[in-house]
Structure formats: C-alpha cells, structure tokens
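Comments concern the structure below.
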Amino acid sequence: MLRKELKLIIAFPSTSDAIAAEKACKENGHAGRLIPIPGEISAGCGLAWAAPVEEKNEILTLLENNRIAVEVTREMMI
Amino acid sequence: MIYLDNAATSYYKPPEVIDAVCRALKGMGNAGRGTGDASVGAARILFETRQKLSDLFHADGPKQVSFTSNSTEALNTALNGLLNPGDHVITTMMEHNSVLRPLYRLEAAGVAETIIKADRKGLIDYDDFERSIRPETKAIVCTHGSNLTGNLVDIARVGKTAAAHGLLFIVDASQTAGVFPIDMQTMHIDVLCFTGHKSLLGPQGTGGLAVRTGVEIRPLKVGGSGIHTFDHEHPSAMPESLEAGTVNGHGIAGLSASLSYLEKVGIDFIRHKEQTLMTRFYNGIADVPGVTVYGDFHSMDRVPIVTINIRDYTSGAVSDALLADYKIQTRAGGHCAPLMHEALGTTECGAVRFSFSHFNTEAEIDTAIKAVREIAAE
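Protein chains in written order, with the numbering used here: chain A, 3 to 80; chain B, 966 to 1343.
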C-alpha cells in the first residue's frame, strides 16, 4: 500500500486551482491524480496533483497557459 | 395558488434543479476536505458552477467567483471588505437594505456616503453620480434594478463614470441576474453581487460575488478553509479567501443545474416572456379608477414588477384580500426598500408588488387583473 515511487507533486494556493489543474490535465490526456498534500510540502491539509515526473514541463506549461496558480512544485518519492 | 412574488424568491424551480439537490443530498462530500471521490466530486461541482457563473457574467474566470449564502452576504463582504474609515461611497435611493444597512453601519465607522435622490417615478439623474464624486470617493454601489418599482439602472453608464474616475463599481444584481445580460467587462463592474434563489432559479442559501482580478477584498468571515491549517491567517487566494467554513454544496449543486437550465432556455426568452406577462398585467390595471401604479413604464424593457396601491386601502389589506379571495400571493409593505418608498411617497401605506416568472401563465395574469379591478370597484 505504501510502496513509493518518484512523482511530480504540485501544490496550489487554493482548492479551486487544484480542481482546475485536474480538469486541465485530464482534458489534455495527462496521467495523474489528486492526493492529500504531502507533509514534506505543507503541514496542513489540502490537495496536490501527483503526476509522472517525465511530464513535468508539459504540465507546468499547461497550468501556466490556463492561469492556474502553483504554490510548490517538487519531485519526490511518494 | 397564483404566485406573483417572484422578486422575493422564485417559487417554481426547474425539475432538474430539484433533482440535482436530491442527488447531492444522497451523496456529496465536503469540497476541499479530502481526496476521496465524495470530497473531490463536491469540489468539482463547485468549480463547474463558478465557471458557469463566470461565463454568465463575463467575469474573470471561475477563480474570481466566491460563494455566499445570498446577495446580502455578498454585499456585506464587498462593502466591509473594500471601504475604510475616511473613504466616501456613492449610492442611490433605489437600494435595498442589503446595501443601505451595511453603509449605515460603515458610516458609524467613519465611511461617508452620498445617496443619490430618486424622483416620484423612482428615477435617478445619472449626472448626480459625477456631481457627487469627491477626492476621497472610493466606490459607487448601486442596484441593477429596483426591487420595488422594477425600474432598471443603466449600469453600463454608471460603470463608465466609475471607470473614468478610477472608482470601484459594485453592483447588486439581485433582481436581474439570470434575466438581463450582465457583462462585467464592458460594464466596468468590479464586484457583482448576486443571489441564487431569485431569477437564477436556484435554491435559497446560494449566492455569491464575482470579483475583478486585482480587486482585493478583506474577508467578512475567516475560519475553516481546507488548506494551510496551521497558519493563523485565512488563505488569501481567491475564490476560497472569501469563503470560510463549509459552503452550501447541496444548494450549489442545484444552482449549477439552474444555470444549465438558463443556458438551455435562454435568458432572452425568459426576459421576453416575463416582460410580456408584466405588460399584459400593466395594461389591464393601469387605467382602472382608484389604482395607482408606481415606477417608470415608458419602456417595458424593465424588471418584471408592477407595484400598485388601490384607493386609500393599506397595502397589507389589499395583499390579504388578493390572497384570501383570489389565492394570489403578492408582497405588501416596505419591501426592504425604505428610501425608494420615501421617494414614491408610500412610506405610510406601503405598496402591493406583483412580480412575474416565465412559469406564470396568461390565465394567471388575467385572474390577477380581474381581482385588482374588483377590489378597486368595491
């Protein structure tokens, strides 16, 4: 259950940004899913987008083009 | 029962709104409070509804639409969150108490206001906005349409004045959202306050404000946000910065369905139908001896409201007779619009308001006309 692999993790300043990111990624065929924000990024609660690291540049460009605010981007074992 | 009090709340809701609320009640989590389907599903519905509202009002996108429980909360949020002691604000006699009372309270805190006068027909002089501007003027706040007379305000014209002088423009669209086209961009609107349960045809307890990007509003409430739990400050990112605590997800699911209904049927069709019914009623009662009609009817492109008094009867007595003898539901009294009544000269007697929905029928209007004629002849 807790097997870890390297993932791209994106945290957002609002829940709306997280949902907007999910929508944009799905509409553009990117794999990934919303997960609870990892404790290493924020000690609070909230949503983060977990995606394959190899899609990092495409995803970040997509989010920028859609004016989706990103708070933290990190590659980490999760 | 013939329901002619749609300016208070729309009584008939599209079936899909009822279905959406029921569906949500059968399975909806708390948006932004987890990653399970229930919670994320709720967040998706909220986001989709923000998008629909942004599209309807030509706002700056879904992230600039915050939910509140109604227009009153939206207006309190905008006014308290933008005005500071020493500021001056311009408003009109056409306003509802949801604008006036927050301003009266702010006045006690050091915010000055100018209230533009309305005449006996409930009309304002647009040049008064320009004339009222001072160096410390921060904003103009006004309704898009009077909830008492149905008179419209040319908000594009007021917005142009506000923009020319660098003032914030806050609009109360309680009576017009969902019936009249509203374009925040071309009308220079900075904050649009709306309620979900009137002409947007959604459930009570829904509403919100659409905010131009860059306009920063201090939140009215702070508290649970679903993110940044250990910060002392409420998160500052829109739209959740103006939402504390669980929003009315079940209601917003219904609002989402009503927005789809409006898109399907078309607000132009709805407005035309409602104005046709209003015109039929007006033509049937305007010339009846003993009937006084309030407001400006030189054009029928107005909010579908006809407000009257009959002879020297009190408005409560007439409204009660309409209900008891004809099963027609209207609204008597002051309609939370004290200054508008002052302008019309109806502070003592109040008035009887008939307000129409596109779900009303011509037969219902004809019954109402007959009722007014009979009461006036008694």
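Beta carbons: idealized from backbone N, C-alpha and C, even for Gly.
Residue i to residue j span [Cα, whole Å]
i: A1286 (chain B); j: A973 (chain B); result: 19 Å
i: K1017 (chain B); j: G1161 (chain B); result: 13 Å
i: A22 (chain A); j: V1064 (chain B); result: 33 Å
i: D1148 (chain B); j: A1024 (chain B); result: 7 Å
i: A71 (chain A); j: F1159 (chain B); result: 26 Å
i: I11 (chain A); j: M993 (chain B); result: 26 Å
i: I1340 (chain B); j: I1275 (chain B); result: 8 Å
i: A1175 (chain B); j: G34 (chain A); result: 31 Å
i: P980 (chain B); j: N1041 (chain B); result: 32 Å
i: L8 (chain A); j: P54 (chain A); result: 8 Å
i: L1133 (chain B); j: E1060 (chain B); result: 17 Å
i: F1195 (chain B); j: R76 (chain A); result: 21 Å
i: G1215 (chain B); j: L990 (chain B); result: It is worth fixing the name first, because residue 1215 (chain B) is His in this sequence and not Gly. Straight-line Cα distance between these residues: approximately 6 Å.
i: E42 (chain A); j: V74 (chain A); result: 11 Å
i: K1028 (chain B); j: R998 (chain B); result: 18 Å
i: M78 (chain A); j: P40 (chain A); result: 10 Å
i: A1039 (chain B); j: P1303 (chain B); result: 20 Å
i: D1290 (chain B); j: S1284 (chain B); result: 10 Å
i: G1124 (chain B); j: P38 (chain A); result: 43 Å
i: A1328 (chain B); j: N1062 (chain B); result: 34 Å
i: A1202 (chain B); j: T1257 (chain B); result: 51 Å
i: A1074 (chain B); j: M1058 (chain B); result: 21 Å
Beta-carbon contacts of residue i that lie in its chain and below 6 Å, excluding the five residues immediately before and after
i: I1120 (chain B); result: H1109, V1136 and M1152
i: L1044 (chain B); result: P1067
i: V1268 (chain B); result: G1110, G1115 and Q1140
i: N1325 (chain B); result: L1242
i: V1253 (chain B); result: R1338 and A1341
i: A1003 (chain B); result: G994
Selection from the options that minimises the alpha carbon distance to residue i
i: N1049 (chain B); options: B:I1182, B:T1332, B:R1236 and B:S1322; result: B:I1182
i: K1186 (chain B); options: B:P1168, B:A1336, B:K1238 and B:A1209; result: B:A1209
i: T1312 (chain B); options: B:L1021, B:S1280 and B:L1207; result: B:S1280
i: A1308 (chain B); options: B:D1093, B:S975 and B:R1085; result: B:R1085
i: G1051 (chain B); options: B:E1072, B:H1061 and B:N1041; result: B:E1072
i: I1273 (chain B); options: B:S1036, B:S1320, B:R1099 and B:A985; result: B:S1320
i: N67 (chain A); options: A:P54, A:P38, A:G48 and A:N30; result: A:N30
i: A1127 (chain B); options: B:S1225, B:N1062, B:G1315 and B:I1098; result: B:I1098
i: D1092 (chain B); options: B:S1034, B:S1225, B:I1250 and B:V1118; result: B:V1118
i: F1094 (chain B); options: B:N995, B:A1074, B:A1129 and B:G1173; result: B:A1129
i: G1179 (chain B); options: B:E1343, B:Y977, B:L1047 and B:L990; result: B:L1047
i: S1019 (chain B); options: B:L1224, B:K1229 and B:G1087; result: B:L1224
i: Y1259 (chain B); options: B:S975, B:K978, B:V1123 and B:H1306; result: B:H1306
i: I1250 (chain B); options: B:T1332, B:A1003 and B:A1282; result: B:T1332
i: H1323 (chain B); options: B:M1058, B:N1062 and B:G1231; result: B:G1231
i: N1035 (chain B); options: B:I1089, B:L1157, B:G1255 and B:M966; result: B:L1157
i: T1037 (chain B); options: B:K1163, B:L969 and B:F1262; result: B:K1163
i: E56 (chain A); options: A:K28, A:H32 and A:S16; result: A:H32
i: Y968 (chain B); options: B:K1335, B:E1343, B:L1288 and B:T1257; result: B:L1288
i: H1263 (chain B); options: B:G1026, B:N1248, B:G1255 and B:V1256; result: B:N1248
i: N971 (chain B); options: B:L1165, B:R1096 and B:D1261; result: B:L1165
Nonlocal neighbours in the same chain, by C-beta distance under 7 Å from residue i, ignoring five residues either side
i: E24 (chain A); result: L36 and W51
i: I1217 (chain B); result: I1010, L1011, T1014, F1032 and T1171
i: H1300 (chain B); result: N1112, L1113 and R1318
i: S1190 (chain B); result: H1199, P1200, E1205 and A1209
i: R1236 (chain B); result: V1144 and F1145
i: V1030 (chain B); result: R1015, L1018, S1019, A1024, G1173, A1175 and P1204
Rounded distance between the beta-carbons of residue j and residue i, thought under 8 Å
i: P1168 (chain B); j: S18 (chain A); result: Incorrect: roughly 21 Å between the Cβ atoms, too far for contact.
i: L64 (chain A); j: A13 (chain A); result: That pair is no contact at about 16 Å.
i: G1315 (chain B); j: G1298 (chain B); result: 4 Å
i: F1246 (chain B); j: V1271 (chain B); result: 5 Å
i: M966 (chain B); j: K1335 (chain B); result: Contact flag wrong, Cβ pair sits at about 16 Å.
i: V986 (chain B); j: G1219 (chain B); result: 4 Å
i: V1076 (chain B); j: Y1226 (chain B); result: With a Cβ gap of about 39 Å, V1076 (chain B) and Y1226 (chain B) do not count as contacting.
8 Å Cβ shell around residue i - same chain, five flanking residues per side excluded
i: T1056 (chain B); result: V1064, L1065, L1068, E1078, T1079, I1080, I1081, I1105, V1106 and C1107
i: D984 (chain B); result: A1222
i: T1102 (chain B); result: D1052, H1053, V1054, I1055, H1130 and L1132
i: T1244 (chain B); result: M1265
i: A20 (chain A); result: F14, L36, G48, L49, A50 and W51
i: Q1240 (chain B); result: M1265, D1266, R1267 and P1269
i: K6 (chain A); result: M79 and I80
Residue i CB to nearest heavy atom of the ligand NAD below 7 Å
i: S1097 (chain B); result: This structure simply doesn't include the ligand NAD, nor any ligand for that matter.
Name the residues in the region 998-1031 of chain B whose C-beta lies less than 8 Å from a C-beta of chain A; which are they?
R998, G999, T1000, V1005, A1008, R1009, L1011, F1012, R1015, G1026, P1027 and K1028
Where the region 1181-1211 of chain B meets chain A: residues whose CB sits under 9 Å from a CB there:
S1190, G1191, I1192, H1193, T1194, F1195, D1196, P1200, S1201, A1202, M1203, P1204, E1205 and S1206
Using a Cβ-Cβ cut-off of less than 9 Å, list which residues of the region 30-41 of chain A approach chain B; keep chain order.
R35, L36, I37, P38 and I39
Taking only beta carbons into account, state which residues of the region 67-78 of chain A come closer than 8 Å to chain B, listed in chain order.
R69 and A71
Which residues of the region 969-996 of chain B have a Cβ closer than 9 Å to any Cβ of chain A? Give them in chain order.
A996
Quick one, which residues of the region 49-64 of chain A are near chain B if we go by CB-CB under 8 Å, in chain order?
L49
Quick one: which residues of the region 15-29 of chain A get their C-beta closer than 9 Å to a C-beta of chain B? List them in chain order.
P15, S16, T17, S18, D19, A20, I21, A22, E24 and K25
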